[in-house]
Amino acid sequence: MVQNTTKLSWREKIHTIIAEADTPAGKAFDIVLLVLIAFSIILVMLESVSEINAHYHEYFYLGEWIITIFFTIEYILRVISIKKPTAYIFSFYGVIDFLSTIPLYLSFFFVGTNALLAIRALRLLRVFRILKITRYIGEGNKLARALKDSRPKIFVFLFAVLILSVIAGTLMYLVEGPEHGFKSIPISVYWCIVTLTTVGFGDIAPVTAAGQFIAALIMILGYGIIAVPTGIVTSEMSKNKDKPVPEDADYVHTNTQTCHNCGARNHQDSAKFCHKCGTKL
Numbered sequence: 025m026v027q028n029t030t031k032l033s034w035r036e037k038i039h040t041i042i043a044e045a046d047t048p049a050g051k052a053f054d055i056v057l058l059v060l061i062a063f064s065i066i067l068v069m070l071e072s073v074s075e076i077n078a079h080y081h082e083y084f085y086l087g088e089w090i091i092t093i094f095f096t097i098e099y100i101l102r103v104i105s106i107k108k109p110t111a112y113i114f115s116f117y118g119v120i121d122f123l124s125t126i127p128l129y130l131s132f133f134f135v136g137t138n139a140l141l142a143i144r145a146l147r148l149l150r151v152f153r154i155l156k157i158t159r160y161i162g163e164g165n166k167l168a169r170a171l172k173d174s175r176p177k178i179f180v181f182l183f184a185v186l187i188l189s190v191i192a193g194t195l196m197y198l199v200e201g202p203e204h205g206f207k208s209i210p211i212s213v214y215w216c217i218v219t220l221t222t223v224g225f226g227d228i229a230p231v232t233a234a235g236q237f238i239a240a241l242i243m244i245l246g247y248g249i250i251a252v253p254t255g256i257v258t259s260e261m262s263k264n265k266d267k268p269v270p271e272d273a274d275y276v277h278t279n280t281q282t283c284h285n286c287g288a289r290n291h292q293d294s295a296k297f298c299h300k301c302g303t304k305l
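Per the numbering used here, residue 25 is the first one in the sequence shown, and the count goes up by one each step.
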């Protein structure tokens, strides 16, 4: 599945290392990358703590620049190692890589943009490629199918809850009134949704006996409502067990090869050519 790197050009060799995880060098590169991403996120989090930042600001700043320079070089290598750079630049990972690189540079022009470095957390998604966790998500596919089959029932359920919230919110507006915090029907509906979901911020509370009685009914109803979507999805999962499903329906291909011509991913494990442009992998 892995190319013979002795026959590859320098661009293809770089691409094999930074864009794939099937080789020792590629896996080592991605692990180092993940460590740096995690370290960078920790730096940004610690820098937001004023007491810690006051003592170690210079170290944080230096560390962020070292990591940013590494990511800049990595981004440039990813661009030049592919024959169609725009395929990577405008891809999901390409956009994330770019956005996670520029914040510190923008800090020269806009104050506080270095906090955007936390977006690098999205780059941790690469851990799925490195550890090949995708081979274990077959059960996740079953859950996804159950959720998809449950959509009509859940939609009807949520619509019913919305209508109930509007009715109960309007009733509370009439019972409590603006003098008790229920200043309008939208605010009363907001209170009802917060109460129904058992969140209970406490910013608005009924005062009258009638209002408290209605609130108690809504709270009790809320516990029952929470269980309904779970029951719907569980029922669909039980039905799916009885349906004939192809043996490979939940199989997830773990091939990490990326086409060095167009940047296409998600090839089958036995693929020898790119499924998008036909280039030999």
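A virtual CB, placed ideally from N, CA and C, is assigned to each residue, including glycine. This structure is a prediction, so every number in the text was calculated from the model and none was measured.
Within 10 Å of its beta-carbon, does residue 28 have 16 or more other beta-carbons around it, so buried, or fewer, so exposed?
Residue placement at residue 28 is flagged as unreliable, the pLDDT there being 47, under the threshold of 50; the coordinate-derived value follows with that caveat. It is exposed - the Cβ of residue 28 has fewer than 16 other Cβ atoms within 10 Å.
What alpha helix (DSSP H) runs, 4 residues minimum, are completely inside the segment 204-267?
Within the segment 204-267, the complete alpha helix (DSSP H) segments of 4 residues or longer fall at 209-220 and 233-265, listed in chain order.
Do you know how far the Cα of residue 113 is from the Cα of residue 25?
Confidence at residue 25 is low in this model, with a pLDDT of 45, below 50, so its placement is unreliable and no value can be given for it.
Using the beta-carbon count (16 or more within 10 Å), is residue 176 buried or exposed?
exposed
Can you give the Cα-Cα distance for residue 303 and residue 285, rounded to whole angstroms?
Those two C-alpha atoms are separated by around 7 Å.
With 16 other CB atoms within 10 Å as the buried threshold, where does residue 244 fall?
Result: exposed.
Output needed for residue 108: all residues of its chain with C-beta closer than 6 Å, excluding positions within five of it in sequence on either side, in chain order.
If the five residues before and after residue 108 are omitted, its C-beta is found closer than 6 Å to the C-beta atoms of 286, all from its own chain and listed in chain order.
Is it buried or exposed for residue 196, if we count other Cβ within 10 angstroms and need 16 for buried?
buried
How far does the alpha helix (DSSP H) with residue 74 in it reach, from first residue to last?
That run of the alpha helix (DSSP H) goes 74-104.
Can you give me the C-alpha to C-alpha distance between residue 179 and residue 237, rounded to a whole angstrom?
29 Å
Determine the burial state of residue 227: buried for a count of at least 16 other Cβ atoms within 10 Å of its Cβ, exposed for fewer.
Per the 10 Å Cβ criterion, exposed.
Determine the direct distance from the alpha carbon of residue 235 to that of residue 119, and round the result to whole angstroms.
51 Å
Could you check if residue 281 is buried or exposed, using at least 16 other CB atoms within 10 Å of its CB as the buried criterion?
buried
Do residue 220 and residue 188 come within 9 Å of each other at the CB atom, strictly closer than that value?
yes
Which same chain residues, not among the five before or five after residue 38, have their C-beta less than 7 Å away from its C-beta?
101 and 105
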